[in-house]
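To keep things clear, I will list the structure first and then write my remarks on it.
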Amino acid sequence: MLSYASKPCVTKLRGARVSYSACTRLTNLFLQRLNSRHCCPSRSISATCRKQRATVQPTMEAARLRRREQRGKYDVDSIEAVFADTFFSHVSYVDDGLPQCLPMIALFRRVWEQQDPVIYLHGHPSSRLMEIVRANESEQTSLKGEEINGKPDTRIRVCITATKVDGLVLSSAPNGHTFNYRSAVLHGACSLEKDREIKRDVMRGVTNHIVEGRWDDVNPVASFQVALVCVIRVDVLKGGVKFRAGVPGIQPRDITKDGPDNEVPPWTGVVPPREQLDEPIPSGLTDDAKVPEGLLRFIETRNKAQRQYAHAVAK
Numbered sequence: 001m002l003s004y005a006s007k008p009c010v011t012k013l014r015g016a017r018v019s020y021s022a023c024t025r026l027t028n029l030f031l032q033r034l035n036s037r038h039c040c041p042s043r044s045i046s047a048t049c050r051k052q053r054a055t056v057q058p059t060m061e062a063a064r065l066r067r068r069e070q071r072g073k074y075d076v077d078s079i080e081a082v083f084a085d086t087f088f089s090h091v092s093y094v095d096d097g098l099p100q101c102l103p104m105i106a107l108f109r110r111v112w113e114q115q116d117p118v119i120y121l122h123g124h125p126s127s128r129l130m131e132i133v134r135a136n137e138s139e140q141t142s143l144k145g146e147e148i149n150g151k152p153d154t155r156i157r158v159c160i161t162a163t164k165v166d167g168l169v170l171s172s173a174p175n176g177h178t179f180n181y182r183s184a185v186l187h188g189a190c191s192l193e194k195d196r197e198i199k200r201d202v203m204r205g206v207t208n209h210i211v212e213g214r215w216d217d218v219n220p221v222a223s224f225q226v227a228l229v230c231v232i233r234v235d236v237l238k239g240g241v242k243f244r245a246g247v248p249g250i251q252p253r254d255i256t257k258d259g260p261d262n263e264v265p266p267w268t269g270v271v272p273p274r275e276q277l278d279e280p281i282p283s284g285l286t287d288d289a290k291v292p293e294g295l296l297r298f299i300e301t302r303n304k305a306q307r308q309y310a311h312a313v314a315k
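Written out as structure tokens, the structure reads:
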């Protein structure tokens, strides 16, 4: 459960009083879809692997806001909800002194009980980020925590972001225009995932991130594809969510300096966006196949949840 959903207090956002529950009351609709995504099967991880990783897993720090602290959330559920509801994320890293940013699918997972979250990224071994992480690991004999046994953590660092726009917020003056949104930012350290079963589970999670339950509706993955794919595990070191919800604020004006207001008052309010999945279009390559009932349910459920959430946070 979101840690802030039960708080009765009220925050003030751009002049609008918005309860914490008002901006998160429908987030549980998205969280209900997470149980099938965020836990790797216990069979995927050996006892030795569990023990080793339990000693190096860092404690996630809060990436606290410098301004508008009331808009920040730092619990794992809040972060997870944003990544679950966003198809694409953006992964930033430094390559030979130059900043790079790639759109990627970021699979959010909580692998074990009472452990910090991890992000899994996948791609072709020849992609640049995969090459950098692999080259860095080949130079290291041990990848440990931030400062364990006197050895610093030298893993490649990345920043991963996911953003969801929930409304176009139209104020009475230009400087008051903004968006209702949820934005998650994670900072982490990369390592190659070599466990074949975990790689397979990541492929399952990525497939189901695109369409819930899709993994079970399609042919089993070819063994050579599991061997070919490169998977990076990102241990989350720091993370947080920034959000805005509610109506716009009315911008103050000094008519003696700025002139009179418009004769006709400007319309103010929120325009909820609709990220809607449309009717499936067949490829023509499998003419005998029917659209799965699960796919139709997924489209209907996601469209409804998107609309309900955007309308809820517009008030």
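Here the sequence shown stands for residues 1 to 315, where the numbers follow UniProt numbering. All C-beta atoms, glycine included, are put in the ideal place defined by N, C-alpha and C.
Am I right that Val229 and Val118 are in contact with their C-beta atoms under 8 angstroms? What's the rounded C-beta distance?
Rounded, the Cβ-Cβ distance is 17 angstroms, inconsistent with contact.
Are the Cβ atoms of Ala171 and Pro248 separated by less than 8 angstroms?
In the sequence as displayed, the identity of residue 171 is Ser instead of Ala. Yes. Within cutoff.
Hey, how far is the Cα of Ile232 from the Cα of Val226?
Rounded to the nearest angstrom, the two C-alpha atoms are 14 angstroms apart.
For Val133 versus Leu192, is the C-beta spacing smaller than 8 angstroms?
Yes. Within cutoff.
On the three-pair Cβ rule with 8 angstroms, is the stretch 158 to 165 touching the stretch 81 to 97?
The stretch 158 to 165, when compared against the stretch 81 to 97, does touch it at the 8 angstroms Cβ threshold.
Compute the Euclidean distance between the alpha carbons of Ile281 and His209, then round it to the nearest angstrom.
One C-alpha to the other measures close to 19 angstroms.
Under DSSP, the alpha helix (DSSP H) around Val82 begins and ends at which residues?
Unbroken alpha helix (DSSP H) run through Val82: Val76 to Ala84.
Please list, in chain order, all residues of the same chain as Asp95 whose beta carbon is under 7 angstroms from its beta carbon, the five residues on each side excluded.
Excluding residues within five positions, the ones whose Cβ falls inside 7 angstroms are Arg128 and Ile132.
Among Phe108, Met60 and Val169, which one has its Cα closest to the Cα of Thr268?
Cα-wise, what sits closest to Thr268 is Val169.
Could you check if His122 is buried or exposed, using at least 16 other CB atoms within 10 Å of its CB as the buried criterion?
Looking at its Cβ environment, which holds 16 or more other Cβ atoms inside 10 Å, His122 is buried.
Would you be able to state if there are at least three C-beta pairs under 8 angstroms between the stretch 289 to 298 and the stretch 204 to 220?
With the cut-off at 8 angstroms, the stretch 204 to 220 and the stretch 289 to 298 touch.
Got a sec, what are the start and stop residues for the alpha helix (DSSP H) Val313 sits in?
From DSSP, Val313 is part of no alpha helix (DSSP H); its letter is neither H nor E.
So, for Arg253: in the same chain, excluding its five sequence neighbours on each side, which residues have a beta-carbon less than 8 angstroms away from its beta-carbon?
Cβ within range, chain order: Ala173 and Asp261.
Taking the alpha-carbon of Ile198 as reference, which of Ile250, Arg66, Arg110 and Glu69 has the nearest alpha-carbon?
Ile198 has its Cα closest to that of Arg110, out of Ile250, Arg66, Arg110 and Glu69.
Take Leu277 and list the residues in its own chain whose beta-carbon comes closer than 7 angstroms to its own, dropping the five residues that flank it on each side.
Ile299, Arg302 and Asn303.
Here's the rule: buried if 16 or more other CB atoms are within 10 angstroms of the residue's CB, otherwise exposed. What is Arg33?
The predicted position of Arg33 is uncertain, since its pLDDT is 44 and thus under 50; no value can be drawn from it.
If Val271 sits next to Gly176, beta carbons under 8 angstroms apart, how far is it from one beta carbon to the other, in whole angstroms?
That pair is no contact at about 14 angstroms.
Locate the alpha helix (DSSP H) running through Thr256, then write down its first and last residues.
That run of the alpha helix (DSSP H) goes Ile255 to Asp258.
With 16 as the cutoff for other CB atoms within 10 Å, does Gly259 come out buried or exposed?
Classification of Gly259: exposed, given that the 10 Å Cβ count is below 16.
Within 10 Å of its beta-carbon, does Lys315 have 16 or more other beta-carbons around it, so buried, or fewer, so exposed?
With fewer than 16 Cβ atoms within 10 Å of its Cβ, Lys315 is classed as exposed.
Cβ atoms of Gly240 and Ala62: under 8 angstroms apart, would you say?
Their beta carbons are under 8 angstroms apart, which means Ala62 touches Gly240 by this criterion.
Confirm the yes/no value for this check: CB of Asn180, any heavy atom of the ligand SAM, distance under 7 angstroms.
As for the ligand SAM, it is missing from this structure, which has no ligand bound.
What residues in its chain sit with their C-beta under 8 angstroms from that of Phe179, if we drop five residues either side in the sequence?
Val165, Asp166, Gly167, Leu168, Val169 and Arg244, listed in sequence order.
Taking Gln276 as part of the beta strand (DSSP E), name the residues at either end of that continuous run.
Note, Gln276: premise wrong, no beta strand (DSSP E); not H, not E.
Taking the alpha carbon of Asp75 as the reference point, which residue from Lys238, Pro103, Leu98 and Met203 has its own alpha carbon closest?
Comparing Cα-Cα distances from Asp75 to each of Lys238, Pro103, Leu98 and Met203, the minimum goes to Lys238.
Please report the straight-line C-alpha distance between His90 and Met60, rounded to a whole angstrom.
If you take the alpha carbons of His90 and Met60, they lie about 20 angstroms apart.
Give me the Cα-Cα distance between Val206 and Pro125, rounded to the nearest whole angstrom.
If I take the Cα positions, the gap works out to 17 angstroms.
In whole angstroms, what separates the C-alpha of Ala47 from that of Ala310?
Residue placement at Ala47 cannot be trusted, given a pLDDT of 45 that sits under 50; the coordinates are not used to answer.
Closest by CA to Ala289, which one among Pro265, Tyr120 and Asn219?
Residue Asn219 is the option with its Cα nearest to Ala289.
Counting only the same chain and skipping the five closest in sequence on each side, list residues whose C-beta sits under 8 angstroms from that of Ile250.
Taken in chain order, the residues that qualify are Gly15, Ser171, Ser172, Gly176 and Thr268.
If the criterion is Cβ atoms closer than 8 angstroms, does the pair Ala189 and Arg155 meet it?
Against a cut-off of 8 angstroms, the Cβ pair of Arg155 and Ala189 comes out as a contact.
Tell me the DSSP bridge mates of Lys238?
Per DSSP, Glu61 and His187.
Run through the DSSP bridge pairs and tell me what Phe108 is partnered with.
Looking at the DSSP assignment, Phe108 forms a beta bridge with Ile119.
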